[in-house]
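>
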Amino acid sequence: MVLDTATAQRQVLDAADALFYERGVQAVGMDAIRAASGVSLKRLYQLFPSKDTLIEAYLDRRDALWKSMLAEHVDAATDPRARILAVFDFLSDWFQQRDYRGCAFINSFGELGTVSPRVADLASQHKEGFRQALTELSKAAGAADPDRLADHLILLSEGAITRSAISGTADPAARAREAATMILDASLKS
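full-length UniProt numbering numbers the first residue of the sequence shown as 1 and each following residue consecutively.
(1) Less than 7 angstroms between C-beta atoms, sequence neighbours within five positions excluded: which residues of the same chain meet that for histidine 126?
(2) Taking Cβ positions, are alanine 176 and phenylalanine 95 nearer each other than 8 angstroms?
(3) According to the neighbour-count rule (16 or more other Cβ atoms, all chains shown, within 10 Å of its Cβ), is arginine 118 buried or exposed?
(4) Please give the ranges of any beta strand (DSSP E) in the stretch 47-106, keeping only runs that are unbroken, at least 3 residues long and fully inside the region.
(5) Using three-state DSSP, classify serine 124 as helix, strand or coil.
(6) Three or more beta-carbon pairs under 8 angstroms between the stretch 47-54 and the stretch 128-141, yes or no?
(7) Determine the DSSP secondary structure at glutamine 11, reduced to helix, strand or coil.
(8) Rank Ala8, Ile161, Gly38, Ala133 by C-alpha distance to the C-alpha of serine 68 and give the top, closest one.
(9) Taking the straight line between their C-alpha atoms, what separation do you get for alanine 144 and alanine 180?
(10) What three-state label does DSSP hand valine 25 in the structure shown?
(11) Straight-line CA distance for tyrosine 45 to tyrosine 100?
(12) By DSSP, does glycine 110 sit in helix, in strand, or in coil?
(13) Using 8 angstroms as the Cβ pair cut-off and three pairs as the minimum, do the stretch 27-42 and the stretch 4-18 touch?
(14) Label alanine 86 either buried or exposed according to how many other C-beta atoms from any shown protein chain fall within 10 Å of its C-beta, with 16 as the threshold for buried.
(15) Threonine 78: buried (16+ other C-beta within 10 angstroms of its C-beta) or exposed?
(16) Rounding to the nearest angstrom, what Cα-Cα distance links glutamate 178 and aspartate 121 in this structure?
(17) Between threonine 114 and alanine 71, what straight-line distance do the alpha-carbon atoms span, to the nearest angstrom?
(18) Does the distance from the CB of alanine 160 to the CB of leucine 91 come in under 8 angstroms?
(19) I'd like to know whether the C-beta atoms of serine 108 and leucine 59 end up nearer to each other than 8 angstroms.
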């Protein structure tokens, strides 16, 4: 059975996402993607001419998914302060996912950042996008210096992401939320 392009791409990206996230981008070859996706190697290379293009598509997809999951939590809160704290609730939920292995961007950057300018750029764009989201939330909450507050919040978030991946527990999200509450108390005083 010949798969249409959209279906074949989805199957390849599903397989790449699962394998790259679980094992790392360098440890997974195109043959493993082929086997897991059920898409022939010839078709795989028609869709993604190189492993680099597949890694880029994987990271693009992860970025969209991450932004969607974050927005779902933040948009559920109406109070500007609660919207900031919802970021840490999102992290807690994310950390509790069965397949949580840390940040795909940090992981990929750690593997390829020095040899792949494109991976380094995608990681930088993803992290800057998160920082900008935190800056906007900080502005909406009335922070006197929203950029500085965002910098504090991103350090807490990124530290929690890394600590959770290493410890295998969601507890770092709760500790980061507690610290964020203290920072908000100090930053949002009238």
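The beta carbon of each residue, even a glycine, is placed where N, CA and C say it ideally should be.
In this text, all values refer to a predicted model and were calculated from it rather than measured experimentally.
Taking the coordinates as given:
(1) Taking the sequence shown and counting its residues from 1, one reaches residue 126 at position 126. So the list reads Asp63, Phe105, once near-sequence residues are dropped.
(2) Indexing the sequence shown from 1 puts residue 176 at position 176. Indexing the sequence shown from 1 puts residue 95 at position 95. Result no, Cβ atoms of alanine 176 and phenylalanine 95 do not sit closer than 8 angstroms.
(3) Locating residue 118 in the sequence shown gives position 118, where the first residue counts as 1. The residue in question, arginine 118, is exposed, as its Cβ has fewer than 16 Cβ neighbours within 10 Å.
(4) As far as the stretch 47-106 is concerned, it has no whole beta strand (DSSP E) run of at least 3 residues.
(5) Here residue 124 refers to the residue found at position 124 of the sequence shown. Serine 124 carries a helical assignment under DSSP once its states are collapsed to helix, strand and coil.
(6) Contact between the stretch 47-54 and the stretch 128-141 is absent, because fewer than three Cβ pairs lie under 8 angstroms.
(7) On the sequence shown, residue 11 is found 11 positions in, with the first residue counted as 1. The answer is helix: DSSP assigns glutamine 11 an H, G or I state.
(8) Taking the sequence shown and counting its residues from 1, one reaches residue 68 at position 68. Checking every option, the nearest Cα to that of serine 68 belongs to Ala133.
(9) In the sequence shown, counting from the first residue as 1, residue 144 sits at position 144. In the sequence shown, counting from the first residue as 1, residue 180 sits at position 180. C-alpha separation (whole angstroms): 16 angstroms.
(10) As a working note, residue 25 is residue 25 in the sequence shown. In the structure shown, valine 25 falls within a coil segment according to DSSP collapsed to helix, strand and coil.
(11) Within the sequence shown, numbered from 1, the residue matching residue 45 stands at position 45. Within the sequence shown, numbered from 1, the residue matching residue 100 stands at position 100. Cα to Cα, tyrosine 45 sits roughly 29 angstroms from tyrosine 100.
(12) Position 110 of the sequence shown, counting from 1, holds the residue named residue 110. Three-state result, glycine 110: helix.
(13) Counting Cβ pairs under 8 angstroms, three or more are found: they touch.
(14) Taking the sequence shown and counting its residues from 1, the one referred to as residue 86 is at position 86. In this structure alanine 86 is buried. Its beta-carbon is surrounded by 16 or more other beta-carbon atoms within 10 angstroms.
(15) Along the sequence shown, one-based indexing puts residue 78 at 78. Per the 10 Å Cβ criterion, exposed.
(16) Working through the sequence shown from its first residue, we reach residue 178 at position 178. Working through the sequence shown from its first residue, we reach residue 121 at position 121. The straight-line gap from Cα to Cα measures roughly 32 angstroms.
(17) Residue numbering aside, residue 114 sits at position 114 when the sequence shown is read from its first letter. Residue numbering aside, residue 71 sits at position 71 when the sequence shown is read from its first letter. Going from the Cα of threonine 114 to the Cα of alanine 71 covers about 31 angstroms.
(18) What you label residue 160 is simply residue 160 of the sequence shown in a count that begins at 1. What you label residue 91 is simply residue 91 of the sequence shown in a count that begins at 1. Yes. Within cutoff.
(19) As a working mapping, residue 108 is identified with position 108 in the sequence shown. As a working mapping, residue 59 is identified with position 59 in the sequence shown. Cβ distance < 8 angstroms, so serine 108 and leucine 59 count as in contact.
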